[in-house]
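Take a look at the structure below.
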Amino acid sequence: MKKNGLKDISIEKFREIFGKLGIENPDPDELRIYVKTFLFEKGIKTIQDIEKFTIREIGQFFKDEKVKLFFSLKGVTRSSFLKYELIKCGAEIGLEDKKYKINDARKYLNKNKITDFNSLINYGTVNEVRDLLGDNDACIEILNSLGLAYLGDFRKEHIKRFARKVGFTVPEQKEYSEEEVKNFILETLESEQVTDYYSFLLYGVKKFKKETFKKSNLPNNLYDAVNKYIKKISGKIIPLLEQKDLEKIGRKIGLVEILEEKQKQRFLELFNIYKLKDVNLCSSKIRKNTDLWKHTCTNYVMEKATGKRYSRYFNEDSLTNLRAYFGISEKDLTYLEK
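Residue numbers (the numbering used here): -11 to 326.
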């Protein structure tokens, strides 16, 4: 028998030869199942897994007699073996071809207008992305291949790994230190005219979490870094913050708490004290002075003097209280009136 004619011999002919030699006739299905199990134990569960092994490593498989026999029946010997031969036999052995699952997953994603990593990560919350992928069998199988046995364990990191698996380019993301995050928060607040502790409290939690540091207003990795930092210093993620949490955050990020005397001094620089002694001064003049109310020192002083920090609450009683706060009595007004 010529060696190069081995692959032209049918399985039936092999059985006939085995019978004449007194060798037990191999069952093709049992042999195939054995080889599949053997490859699984070596870490080859899909056709794509074959690429992880070198020709030399795969050649070692032929030391197993049943593996050697299986490929011999295909006309393949160790000396003539090419990786292509194993790939070609993969489907018959029962190895999955992930390429088709990836194609199915990509088609499903395209139907949902997801064509790259950004459109996937921005589809919605982590749970919304999980539910999207969980509605497609191909996507589920890909997630399972990543070691995710239960969708309940789905995390943001799985989105990146899934994206790479289906061929999306995942951009390298900058890692931010806590100091960088804190400086970013301070610089952002400064651009909003928030430069001290009291002005931060006035800024308000609603604007902080729903506008300035809203997830959709920041790059994903930067938002994650800010959110992580805020949780560390306040105990809450950004969406769950309350007004009282700003007190702790303000002190942790180093906003200066300006003392009362300094706040009063700033106010007087804006609103000369002698105007307060003017008997003709009425509350409406102060209430309508919009430039005056733009400054946080005004809010601070008004809250201390009248109990209300905003212009809409300022009335004649507020003016009397404001004068008293600065030590201007009715006697002073009477004296000036003369």
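Cβ coordinates follow ideal geometry from the N, Cα and C atoms, glycine included.
Which of helix, strand or coil DSSP assigns to residue i
i, result
"Asp104", "coil"
"Asp184", "strand"
"Lys326", "Because the pLDDT of Lys326 is 34, which lies under 50, any placement of that residue in the model is unreliable, and the question is left without a value."
"Val244", "strand"
"Thr330", "Past the boundaries of the shown model lies residue 330; the chain is included only from -11 to 326, so the question cannot be answered."
"Thr34", "strand"
"Tyr288", "helix"
"Val154", "coil"
"Gln253", "helix"
"His146", "helix"
"Cys127", "helix"
"Lys(-10)", "At Lys(-10), the pLDDT of 45 sits below 50, so the modelled position is not reliable; the number obtained from the coordinates is stated separately. Reduced to three states, the DSSP call for Lys(-10) is coil."
"Ser165", "coil"
"Pro16", "helix"
"Leu307", "helix"
"Glu230", "coil"
"Ile173", "helix"
"Gly135", "coil"
"Gly238", "helix"
"Asn268", "coil"
"Lys40", "helix"
"Gly192", "coil"
"Leu83", "coil"
"Asp279", "helix"
"Ser317", "coil"
Under 9 Å between C-beta atoms of residue i and residue j
i, j, result
"Lys240", "Ile221", "yes"
"Phe314", "Leu247", "no"
"Ile225", "Lys219", "yes"
"Phe255", "Arg275", "no"
"Phe196", "Leu258", "no"
"Leu97", "Arg118", "no"
"Phe188", "Gly238", "yes"
"Phe105", "Leu121", "no"
"Leu174", "Leu243", "yes"
"Arg300", "Tyr288", "no"
"Leu83", "Lys24", "yes"
"Ala213", "Val169", "yes"
"Asn309", "Thr294", "yes"
"Lys40", "Gly31", "yes"
Spatial neighbours of residue i in its chain, beta-carbon cut-off 8 Å, leaving aside the 5 residues before and after
i, result
"Gly42", "Looking at the sequence shown, residue 42 is not Gly but Thr. Cβ within range, chain order: n/a, list empty."
"Glu304", "Cys270 and Ser271"
"Phe26", "Phe49, Asp52, Lys54 and Val55"
"Tyr111", "Asn100, Ile102, Val117 and Leu120"
Residue from the options with nearest C-alpha to residue i
i, options, result
"Ala312", "Ile128, Ser299, Met290 and Lys148", "Met290"
"Ala93", "His283, Glu116 and Glu129", "Glu129"
"Asn115", "Lys144, Ile102 and Asn124", "Lys144"
"Lys148", "Leu177, Ser107 and Thr176", "Ser107"
"Lys252", "His283, Asn277, Glu45 and Lys273", "His283"
"Asn91", "Leu228, Gly155 and Gly192", "Gly155"
"Val193", "Ser204, Tyr217, Glu160 and Glu230", "Glu230"
"Val158", "Lys198, Ile109 and Arg44", "Ile109"
"Asp17", "Lys216, Leu307, Ile81 and Phe150", "Ile81"
Chain-order list of residues whose beta-carbon lies under 7 Å from that of residue i (same chain, five-residue window excluded)
i, result
"His146", "Leu131, Leu134 and Leu136"
"Tyr22", "Lys54"
"Thr176", "Thr200"
"Glu45", "none"
Neighbourhood of residue i by C-beta distance below 6 Å, restricted to the same chain and skipping five residues each side
i, result
"Lys292", "none"
"Met(-11)", "Reliability fails at Met(-11), whose pLDDT of 45 lies under 50, so the model's placement of it is uncertain and the value that follows must be treated cautiously. None."
"Lys236", "Ser222"
| task | Tell me, please, whether the region 190 to 210 touches the region 163 to 181 by the rule of three or more beta-carbon pairs shorter than 8 Å. | result | Counting Cβ pairs under 8 Å, three or more are found: they touch.
| said: Could you check whether the region 133 to 143 touches the region 170 to 188, counting it as contact only if at least three pairs of C-beta atoms, one from each stretch, sit closer than 8 Å? | reply: Segments in contact, no.
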